[in-house]
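First to last, the protein sequences are chains A and B. At position 131 of the first sequence (counting the first as 1) the number is 1097 in this note's numbering, and the numbers step up by one without a gap. At position 127 of the second sequence (counting the first as 1) the number is 128 in this note's numbering, and the numbers step up by one without a gap. Glycine included, each C-beta is placed from N, C-alpha and C at the ideal position. Each remark here refers to the structure printed beneath this line.
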Amino acid sequence: MLGAVLLAGVPVVAVTGLLSYVAYEPSLGGNNLIGDPGLLDFYVISWPTSPGWLYTLTQGLHVTGGIALVPIVLVKLWSAMPKLFEWPPLRSPAHLLERVSLALLVSSTLFQFATGILNAQLYYPWRFSFLAAHFYGAWVFLAAFVLHAALKLPTMRRSLRERRLLDELRRGLAETTPETGESGLIPAAPSAPTISRRGVLGLTGGASLGLLVLTAGQSVGGPLRELALLAPHGRDLGSGPNDFQVNKTAASLGITSAQTGDAWRLRVSGGSRPLELSRAQLLTLPQHTYELTIACVEGWSTTQSWSGVRLRDLAALIGVEAFDELYVESVQRGGSFRRASLSARQANDRRSLLALRVNGADLSPDHGYPARIVVPALPGVHCTKWVNRLEFKGSQA
Amino acid sequence: MRLRGYGDGPLHLLSHVAALALAAYAFTRIFAGGQPWNVVLWFVGAVILHDLVAFPLYTGLNRLALGRGRRVRPVNHVRVPALLSACSFIVFFPLILGLGDGRYERATTLSQDVYLGRWLLLCGALFAASALVYAVRARRR
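So, in structure tokens, the structure goes:
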């Protein structure tokens, strides 16, 4: 039963994780942060901008789904523990390979869940690169998981047939009898049962549901946000125009008022008429307002009303008609995400903005004053803040 | 069909070698990202922590809770809130314990202090609810 839930849930978390990799558009300049391209970092689609909640959905499923699977994984491991103490420990070469692949399955499962969950809470007690380790760790996990699922599918189907869920849900403790059969997981001399099978299932499902409630609000938003009691971005920050979730404040990245004050200029290049624009000049250009969502790779999101200049209007302003990608740079001095590249598809969406204002007020320093990128369905870290350079690449005038 | 001296069929051998080769390749890619020994430490450490620390710990606590010769019913009134509290701790312990050298507070402008209190209140509520259910059941009997 637990196996069946994992067989459904794990692929959702795995596929949405791989989609998040795609959403970063790693083939564009500066976007690949996991090392030289190898054989596994392939992808075949360019990330769309519609629907605007796409990344909220996929990454919400990845993080919230992963957290909700924790109790199921732990109880599944508990139920399989007798395998660890099998005797004799090695019967044949086949048995050796089986045990090695099982060890890899357990260790990569724990590794993926631990690194993902700690990353979402900004806690990094390791020295390796999270992005490379979590991405390639997923491939270690998938190799072991697919093998295990394929080998155990007949066992799972047999036990689901022999112990029908509905029958099991009718049996209380008094009717709970020990498992019989030959499997290595069945105890030879079981103690008297202290909990029914439906009790174990209910408790596991309840724990999973509880974690779902404690987490989902930070992704869904609205009144549900405050139900996410223990989630890192489950708090209401107030009612002002700039009172919404921040990830990386201006102070934490060393952004100074000298960099973003009156002397700040936006350099726009790549066309026949490169420009340097002040914030006042940008405000004289046609302004557009859209409800757009910032969705973070850490599994939370926030939807606000952003106003600013369309990226495609800026391209036209400097004489660019078509381009391959848009390179964006921030005044930020260090850090992996001081720059990002957007595909032409992303930059050309009519809702893709160089935002100057939010909810009718100027951006606050923490939300990227004087100007930031906001593009529908773009991962939050690519919605670069404190932008001072835009370069349209591969352009034809 | 079984392969002589192997202990299972050819499909078993081929699928295992294929999966292990893919995993080994993925490991070389993780190692290429730097700090290979730290990666190994985390993969091996995770299993040791789960199988040889967490598992004996929770089965031991369970034995302790079961006691000897007592009626079995009450134990689940402890198990349920304990397991739910433990699950929420396992997932959110960095925030609850204020780990991360202030990185969370610097990045989000939010204080990390609220989480310990919230988690303790959650545990309190879970155990209190369980006690209430137990009291009602005991009175009915």
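Is there a C-beta anywhere in chain B that falls below 9 angstroms from the one on residue i?
i: A989 (chain A); result: no
i: W1092 (chain A); result: yes
i: M1047 (chain A); result: yes
i: I1033 (chain A); result: yes
i: Y1102 (chain A); result: yes
i: F1077 (chain A); result: yes
i: Q1087 (chain A); result: yes
i: D1133 (chain A); result: no
i: A1109 (chain A); result: yes
i: R1164 (chain A); result: no
i: V1112 (chain A); result: yes
i: D1328 (chain A); result: no
Express the C-alpha separation of residue j and residue i in angstroms, rounding to a whole number.
i: Q914 (chain A); j: A1197 (chain A); result: This structure gives no information on residue 914 (chain A), because the portion of chain A shown stretches from 967 to 1363.
i: I1284 (chain A); j: F1101 (chain A); result: 39 angstroms
i: S1302 (chain A); j: G1326 (chain A); result: 30 angstroms
i: T1146 (chain A); j: E1128 (chain A); result: 11 angstroms
i: G969 (chain A); j: A989 (chain A); result: 30 angstroms
i: W1105 (chain A); j: D1007 (chain A); result: 10 angstroms
i: L1117 (chain A); j: H13 (chain B); result: 8 angstroms
i: A1182 (chain A); j: Y135 (chain B); result: 30 angstroms
i: A87 (chain B); j: Q1211 (chain A); result: 28 angstroms
i: T1269 (chain A); j: L1258 (chain A); result: 5 angstroms
i: H51 (chain B); j: T1170 (chain A); result: 18 angstroms
i: P1342 (chain A); j: V979 (chain A); result: 22 angstroms
i: R1201 (chain A); j: L96 (chain B); result: 13 angstroms
i: H1199 (chain A); j: S1149 (chain A); result: 45 angstroms
i: M967 (chain A); j: F1289 (chain A); result: 52 angstroms
i: L4 (chain B); j: F1079 (chain A); result: 37 angstroms
i: A1173 (chain A); j: H78 (chain B); result: 15 angstroms
i: S1273 (chain A); j: Y1009 (chain A); result: 33 angstroms
i: V1066 (chain A); j: S16 (chain B); result: 13 angstroms
i: T1024 (chain A); j: L1139 (chain A); result: 40 angstroms
i: E106 (chain B); j: S1218 (chain A); result: 9 angstroms
Run through DSSP, which three-state label would residue i get?
i: N1354 (chain A); result: strand
i: W1272 (chain A); result: strand
i: I1339 (chain A); result: strand
i: E1295 (chain A); result: strand
i: Y1322 (chain A); result: The question names Tyr, but residue 1322 (chain A) is Leu in the sequence shown. Residue state, collapsed to three classes: strand.
i: R1136 (chain A); result: helix
i: D1290 (chain A); result: coil
i: S131 (chain B); result: helix
i: S1045 (chain A); result: helix
i: S1235 (chain A); result: strand
i: D52 (chain B); result: helix
i: S1267 (chain A); result: strand
i: G1144 (chain A); result: Looking at the sequence provided, one finds Pro at residue 1144 (chain A) rather than Gly. P1144 (chain A): coil per DSSP, three-state reduction.
i: D1332 (chain A); result: helix
i: P95 (chain B); result: helix
i: A1327 (chain A); result: strand
i: P37 (chain B); result: helix
i: P992 (chain A); result: coil
Where does the unbroken beta strand (DSSP E) through residue i begin, and where does it stop?
i: T1259 (chain A); result: 1254-1261
i: L1243 (chain A); result: 1241-1243
i: R1305 (chain A); result: 1305-1309
Considering just the uninterrupted stretch of the alpha helix (DSSP H) at residue i, what are its terminal residues?
i: E1128 (chain A); result: 1096-1128
i: R104 (chain B); result: 104-109
i: L21 (chain B); result: 11-33
i: S1073 (chain A); result: 1059-1086
i: Y987 (chain A); result: 968-989
i: S1185 (chain A); result: 1163-1186
i: T1226 (chain A); result: 1223-1226
i: L1280 (chain A); result: 1277-1283
Would a check of beta-carbon distances place residue i closer than 9 angstroms to chain A?
i: R30 (chain B); result: yes
i: G125 (chain B); result: no
i: V134 (chain B); result: no
i: V18 (chain B); result: yes
i: D114 (chain B); result: no
i: A24 (chain B); result: yes
i: F93 (chain B); result: yes
i: F56 (chain B); result: yes
i: S89 (chain B); result: yes
i: F44 (chain B); result: yes
i: L100 (chain B); result: yes
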